[in-house]
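Here full-length UniProt numbering is used: the first residue of the sequence shown is 1, the next is one more, and so on.
Everything on this sheet refers to the single structure shown next.
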Amino acid sequence: MKQNRFEHWSEIKYLKDIVTNPMITVGEYSYYSGYYDDHDFEDGCVRYMWGDEKSRQLFNPIEDYGWHIDKLIIGNYVCIASGVIILMGGNHNHHSDWITVYPFVDQIETSYAPKGDTIIESDAWIGMNAMIMPGVTIGEGAIVAAGSVVAKDVAPYTIVGGNPAKVIKKRFTDAEIEKLMEMRWFDWEREKIEQASHILSSSSINRLYEFYQKEILPHV
1 MKQNRFEHWS EIKYLKDIVT NPMITVGEYS YYSGYYDDHD FEDGCVRYMW
51 GDEKSRQLFN PIEDYGWHID KLIIGNYVCI ASGVIILMGG NHNHHSDWIT
101 VYPFVDQIET SYAPKGDTII ESDAWIGMNA MIMPGVTIGE GAIVAAGSVV
151 AKDVAPYTIV GGNPAKVIKK RFTDAEIEKL MEMRWFDWER EKIEQASHIL
201 SSSSINRLYE FYQKEILPHV
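Written as structure tokens, this is what we have:
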């Protein structure tokens, strides 16, 4: 068992500081809160993903087989709770349409079928013990409830939950979501985000939009 790298449940690790796998792209200020899990982010939260140091030493499916390997792409200000599992491309060799789902070694080269990149867009929150299936896109501002299994794309600013995860509700009205998707606050300069943090920490999208029109748009 790996040593738990977290000293307390309140501690977080910024993904930029801990991710080494070149197949994983992470944005600014996105974090993993893994105190209650006994795995590292890249060796437990993210599973079956080629590209870590050991797997690169063992084999190279890109050069050996010509596979297109799925990537994990994480935006800015994403919150990932303890126990989250993000399933990736290492086990895409099971075919339900074949007579057997067993991955015979001599058929590995031809049996692999990519699922597509897994994308967690900015400002999404993945709740404790949720599982993200391969090839899913979780939209910006979305919330995945604890213990959910996400097998389909999640729309921006939508709350989903259950197994399989289904829409619980939208976080805001369609008009408000349209404004949020226009503003993309998580892409602003950090200084501007800190300047607007008191608005971001409220439910007043109109106030944020006023700030955006005054402080952001003139400099775009």
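Glycine is no exception: its CB is placed at the ideal position from the N, C-alpha and C atoms.
Quiz item: Within this structure, are the beta carbons of Val78 and Ile120 separated by less than 8 Å?
Solution: yes
Quiz item: When you compare only the Cα positions, how much space is there between Glu28 and Ile99?
Solution: 45 Å
Quiz item: Is the CB-CB distance between Ser122 and Phe211 below 8 Å?
Solution: no
Quiz prompt | Range covered by the beta strand (DSSP E) that runs through Ile73 | solution = 72-74
Quiz item: Touch check for the segment 93-111 and the segment 47-56: three-plus C-beta pairs under 8 Å?
Solution: no
Quiz item: According to DSSP, is Met131 helix, strand or coil?
Solution: strand
Self-check item: Under the three-state DSSP convention, the category Ile12 falls into
Solution: coil
Quiz item: In three-state DSSP terms, what is Thr100?
Solution: coil
Quiz item: So what's Val105 in DSSP terms, helix, strand or just coil?
Solution: helix
Self-check item: According to DSSP, residues forming a beta bridge with Asp40
Solution: Gly44
Self-check item: Inter-residue spacing [alpha-carbon to alpha-carbon] between Lys16 and Tyr31
Solution: 8 Å
Quiz item: If you draw a straight line from the alpha carbon of Pro156 to that of Ala146, how long is it in whole angstroms?
Solution: 18 Å
Quiz item: Any idea which residues DSSP pairs Trp125 with across the strands?
Solution: Cys79, Ile143
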